[in-house]
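In what follows, a structure is listed as structure tokens, so that the remarks can point back to it.
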Amino acid sequence: MIRIALVGDYRADVPAHQAIPQALQLAAQSLDLPVDAQWLATDSLTATEQLACFDGIWCVPASPYRNMEGALLAIRHARERNLPFLGTCGGFQHAVIEYARNALGWADAEHAETAPDAARAVISPLACSLVEVKDKVALSPGSRLARIYEQAVIEEGYRCRYGINPAFAAELASGPLRSAAHDQNGEIRALELDNHPFFIATLFQPERQALQGTCPPLAAAFVAACCQNQMQPRKTL
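The following block contains the structure:
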């Protein structure tokens, strides 16, 4: 059984939260793999030992989270332990904050939604809100994301008002965290981490395809990566 942690604060009225279990079920069926997904509320996450039994982590939409530090703990665990990670919407935003704080050493990196007066708000309001809209996304040639979708341009749905602050975008995505997709204005819409088995974060919500009965390619790729991870020897925490 492949065990996946869904890190976020579940709400039955959130379309993405409705879609994610369906996306994982469709992915499991397409790959003929057994998958068990467990929701982990951010205010329940206090130690990495709570994540030891999982083969992958999906940091889900609908932030601000009840406890940002719980989400950041899970993301850091996935990044540093080479555990397959997928972050969508709020998960994307918090993956950026975690990387900025713990990989780049920007201890003051913040989210403008929860810290509007922060000097280094690496996540800031989008120039144009992307709430319940679809938009075209160009995938970076040679990226893992482009290989997963097997297309140069895709169209995905959004429900967000915040993205990467343009003032910090170049430094944040200069490597090993790199842009994997951008919109028509060149703004980053997905990131992936070099030298990691699977670490992808998207501002869009690919899971929504499952609400129409379609298996999201990114969900299938994530589940496949979790399966590969399960076959690797466990590292001691």
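First residue of the sequence shown? That's 1 in UniProt numbering, and the numbers climb one at a time after it. Note that CB positions come from ideal geometry on N, CA and C, so glycine has one too. As the structure is a computational prediction, the values presented were derived from the model and not from experiment.
Self-check item: Status (buried if at least 16 other CB within 10 Å, exposed otherwise) for Gln93
Solution: Burial call: buried.
Practice problem: Using the Cα positions of His17 and Ala170, report the straight-line distance between them to the nearest angstrom. | Solution: Distance between the alpha carbons of His17 and Ala170: 31 angstroms.
Quiz prompt | Whole-number beta carbon distance between Leu211 and Gln22, since they are thought to touch under 8 angstroms | solution = Indeed, because the Cβ distance is near 7 angstroms, the residues count as touching under 8 angstroms.
Quiz item: Residues in its own chain within less than 6 angstroms of Leu104 by CB, not counting five upstream and five downstream?
Solution: The beta carbon of Leu104 is closer than 6 angstroms to none in its chain, skipping five residues each way along the sequence.
Self-check item: Reduced DSSP category for Ala78 - H, G, I as helix; E, B as strand; rest coil
Solution: Ala78 falls in the helix class under three-state DSSP.
Exercise. May I have the straight-line CA-CA distance separating Pro197 from Pro84, to the nearest angstrom?
Key: A straight-line Cα-Cα distance of about 6 angstroms links Pro197 and Pro84.
Quiz prompt | For Phe54, three-class secondary structure by DSSP | solution = Shown here, Phe54 sits in coil according to DSSP, grouped into three states, outside any helix or strand.
Exercise. Helix, strand or coil for Ser44, going by three-state DSSP, please let me know.
Key: Here Ser44 sits in helix by DSSP.
Exercise. Would you identify the three-state DSSP class for Tyr158, choosing helix, strand or coil?
Key: Strand.
Quiz item: Nearest-angstrom Cα distance between Gln29 and His182?
Solution: About 30 angstroms.
Quiz item: Using DSSP with H/G/I as helix, E/B as strand and the rest coil, what is Arg187?
Solution: One detail in the question is off: residue 187 reads as Glu in this sequence, not Arg. In the structure shown, the three-state DSSP call for Glu187 is coil.
Exercise. Run the CB neighbour count on Gln38, radius 10 Å, all protein chains shown included, and call it buried at 16 or more, exposed below.
Key: Exposed, since its Cβ has fewer than 16 Cβ neighbours within 10 Å.
Quiz item: Which word fits Ser174, buried or exposed, when buried means at least 16 other C-beta atoms lie within 10 angstroms of its C-beta?
Solution: A residue is called buried once 16 or more other Cβ atoms fall within 10 Å of its Cβ, and Ser174, having fewer, is exposed.
Practice problem: List the endpoints of the continuous beta strand (DSSP E) containing Arg178. | Solution: Note, Arg178: beta strand (DSSP E), 177 to 182.
Exercise. With DSSP as the reference, label Ala169 as helix, strand or coil.
Key: Ala169 carries a helical assignment under DSSP once its states are collapsed to helix, strand and coil.
Self-check item: Three-way DSSP call (helix, strand, coil) for Ser30 in this model
Solution: Three-state DSSP puts Ser30 in a helix.
Practice problem: For Val133, collect the residues of the same chain with a Cβ closer than 6 angstroms to its Cβ; drop the 5 residues on either side in sequence, then sort them by chain order. | Solution: So the qualifying residues of the chain are Tyr158.
Practice problem: Report, in whole angstroms, the separation of the C-beta atoms of Asn229 and Gly90, which I expect to be a contact under 8 angstroms. | Solution: Not a contact, Cβ separation roughly 23 angstroms.
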